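Following: one structure in structure tokens, then a few remarks.
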Amino acid sequence: MEKSEIAASSEVATQIIRSRKSIYADSYIGGSLPEVVLNEILTNATWAPTHKMTEPWRFIVLTDSQLEKYGDYMVTYYKHLYEELSDADKRTAKYNYLKGYPLKAACLIGVVLSKSTKVTIPEWEEVAAVSCAVQNMALSATSFELGSYWDSSGAAVEYVKSFGLETNEQSLGLFFIGYPDASALSVTKRRTTIDKKVSRFR
């Protein structure tokens with residue numbers, strides 16, 4: 018590979034990494050995800066680093082009617098937070114917001130930590146591996162100009178449990194993917210410069 022080709026590849030990778038951001042479902046505009054794109058995102062997830070090749074991840078793809086079911090679930094899960102609102106219209110608006118929130122997503126992906134039963138690995142290493150897999154999904158979504166974010170809220174974690182987890186498995190929430198409004202793609206947040214985060218010793 019020529020130096021110019023290496024430089025170009027590096028620039029593409031850097032652009033994707035620095036363009037990645039959490040884009041929430043409020044900014045999605047609906048639409049379904051082609052199977053080939055979804056499979057590419059999921060396959061890239063499985064190429065995350067994994068100590069002793071335990072591959073401690075499992076994914077549950079939710080589409081179509083499952084989006085509506087999750088909206089209904091959120092209403093039930095969070096209902097106690099709004100029951101005491103004196104304004105009935107505000108209370109109804111909150112419930113409608115929760116019910117409709119997932120509907121504009123292209124799909125939701127349940128993220129499951131599936132701890133190895135054959136090799137003894139510290140749990141933090143297994144969680145780190147799954148986190149890398151989710152980052153691969155986020156970067157892949159960005160490369161397709163899709164919005165995404167990892168929802169680790171109580172409702173998300175509990176909903177994934179409803180699909181039946183093994184004793185060695187743990188729900189880590191839901192990964193949202195959707196087509197974002199164009200204005201949501203711009204990155205406005207900045208990172209702390211490396212001179213404040215990196216120590217060097219020689």
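This note's numbering applies: residue 18 is where the sequence shown begins, and numbers increase by one. Using N, Cα and C, we set each Cβ at its ideal position, and we do this for glycine too. This structure is a prediction, so every number in the text was calculated from the model and none was measured.
| Asked | Found |
| --- | --- |
| What's the call for E143, buried or exposed, on a 16-neighbour Cβ count within 10 Å? | buried |
| To the nearest angstrom, how far is the alpha carbon of V151 from that of K132? | 16 Å |
| Could you check which residue in L59, F161, K111, M70 has the C-alpha nearest to that of K135? | M70 |
| Comparing alpha-carbon positions, which option in E72, K121, E57 lies nearest Y41? | K121 |
| Name the two residues that bound the continuous alpha helix (DSSP H) containing V92. | 82 to 99 |
| Which residues bound the beta strand (DSSP E) around Y166? | 164 to 168 |
| Roughly how many whole angstroms lie between the Cα atoms of Y99 and T93? | 11 Å |
| Excluding sequence positions up to five away, which residues of its chain have a Cβ less than 8 Å from the Cβ of E183? | S131 |
| Can you give the Cα-Cα distance for R208 and L115, rounded to whole angstroms? | 31 Å |
| When DSSP labels each residue in this structure, what does L186 get in the three-state scheme? | Residue identity differs from the one stated: residue 186 is Glu in this sequence, not Leu. Reduced to three states, the DSSP call for E186 is strand. |
| DSSP on L223, reduced to helix/strand/coil? | The question about residue 223 has no answer here: the residues shown for the chain are numbered 18 through 219. |
| I need the DSSP call for G171, collapsed to helix, strand or coil. | helix |
| Drop a sphere of 10 angstroms on the beta-carbon of T159, count the other beta-carbons inside from all chains shown, and report buried for 16 or more, exposed for fewer. | buried |
| DSSP three-state call for W64: helix, strand or coil? | coil |
| Since V147 and I77 should fall inside the 8 Å C-beta cutoff, what is the C-beta to C-beta distance between them, to a whole number of angstroms? | Wrong, their Cβ atoms sit about 13 Å apart, outside the cutoff. |
| Where does P197 land, buried or exposed, given buried means 16+ other C-beta within 10 angstroms? | buried |
| Does DSSP classify I126 as helix, strand or coil? | strand |
| Compare the C-alpha of L84 against each of F180, Y118, V215 and name the closest. | Y118 |
| Among S82, C124, S103, whose alpha-carbon lies nearest the alpha-carbon of G48? | C124 |
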